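Asker: Numbering (this note's numbering), first residue to last: 28 to 279.
So that we are looking at the same thing, I have put the structure below in C-alpha cells.
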Ligand SMILES: [Zn+2]
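Below is the structure:
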C-alpha cells in the first residue's frame, strides 16, 4: 500500500478490526453486484469507497427520471445512460483505484456462471423473485456467499446466505422457488427513498464483514426494517433439508 492509499483508507486502518491487513484484504477482494437500482447504487458506492479492489456490475437497464428519487449513484444529466456506466462513473469519481467490470445485460444462469466464479461473493440488489432465485442457485453451485437485500414501500429485508457454513440456509430454503409469489415492483408499489440506501449500505457492511472474515454477518438470520417507525426486527432462519437448491440430493 503506497502513501496515497494509506491516507485514503486511514479511517479504516485506524479500526482495530480492519487495520492495514484488513484493508489489503479488501483491496484484493472481488464483489459481484447484480442490479444497479436503489440498493445497488448505495452498496456499490460504499464498496468502492471502502476500497474493495474489484467490482463487477451487472444491469441491463438505463437511468430514467423516476429512478433519481432514490438511485443516488446516477444523476439527472445521465438519464438515458446504462445504469452500469452511470454507477461506474460515480464510483470512479469517488475512488479511481477500484477496477470495474461492466456487464450491460440481464443476468441469467449462463451469465452468472461466467461472472460469479472469479468473485468472492455476490450482492443481490435486484427486485424480482425469479432473478433472486437464479442468483441464489448460482451462489450455491459455485459456493459463494450471497448478501441479499430487498426494499419495497417502507419495508426492507436483509440476510447473508453462505452454504459453505454448516446449517446456513440458502435463499431458496427461506423463500422456496416453487411458491406462488406475486412479482411486485417499485413502479407500482412505490418505495421510500432512504429505505434503499439503508438496506444497500447494510448489504455493503455485511459484504465487508464477510470479506474481512471478522464480526458477525447476518447468517441464519433474516432482518427486517419497518421504515415507517425505523424499527428493525429479526427472525431465525434454518436450512431446509429438502431444499430443491442446496440439499445434497439436489446438488450434482
Ligand atoms: Zn436451500
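Where is the CB? At the ideal position from N, CA and C, for every residue including glycine.
Since the structure is predicted, the reported quantities are computational estimates derived from the model, not experimental observations.
Give a single yes or no on whether residue 272 has its beta carbon closer than 7 Å to a heavy atom of ligand 1.
Answerer: Result yes, Cβ under 7 Å from ligand 1.
Asker: Can you give the Cα-Cα distance for residue 95 and residue 228, rounded to whole angstroms?
Answerer: Taking the straight line from one Cα to the other gives about 17 Å.
Asker: Using the Cα positions of residue 170 and residue 236, report the straight-line distance between them to the nearest angstrom.
Answerer: Whole-angstrom Cα-Cα distance: 17 Å.
Asker: Can you round the beta-carbon distance between residue 99 and residue 224 to whole angstroms, since I take them to be within the 8 Å contact cut?
Answerer: 7 Å between Cβ atoms; contact.
Asker: If we count Cβ pairs, one from each stretch, closer than 8 Å, do we get three or more for the stretch 107–126 versus the stretch 139–148?
Answerer: As far as the Cβ criterion goes, the stretch 107–126 does not touch the stretch 139–148, which means the pair count is below three.
Asker: What does a CB cutoff of less than 8 Å around residue 111 pick up in its chain, not counting 5 residues either side in sequence?
Answerer: Correct list, in chain order: 63, 84, 85, 86, 129, 130, 131.
Asker: By Cβ distance, which residues of its chain are closer than 6 Å to residue 126, with the 5 residues on each side in sequence left out?
Answerer: 81.
Asker: Since residue 272 and residue 167 are thought to touch, with beta carbons under 8 Å apart, how far apart are those beta carbons, to the nearest angstrom?
Answerer: About 5 Å separates the two Cβ atoms, so the contact holds.
Asker: For residue 103, count the other beta carbons within 10 Å of its own beta carbon; 16 or more makes it buried, fewer makes it exposed. Which is it?
Answerer: So residue 103 ends up on the exposed side.
Asker: Put residue 54 into one of helix, strand or coil per three-state DSSP.
Answerer: It is helical.
Asker: Taking only heavy atoms of ligand 1 into account, decide whether any of them is closer than 7 Å to the Cβ of residue 199.
Answerer: Yes, Cβ of residue 199 sits closer than 7 Å to a heavy atom of ligand 1.
Asker: Report buried or exposed for residue 255, applying the criterion of at least 16 other Cβ atoms within 10 angstroms of its Cβ.
Answerer: Exposed is the call here.
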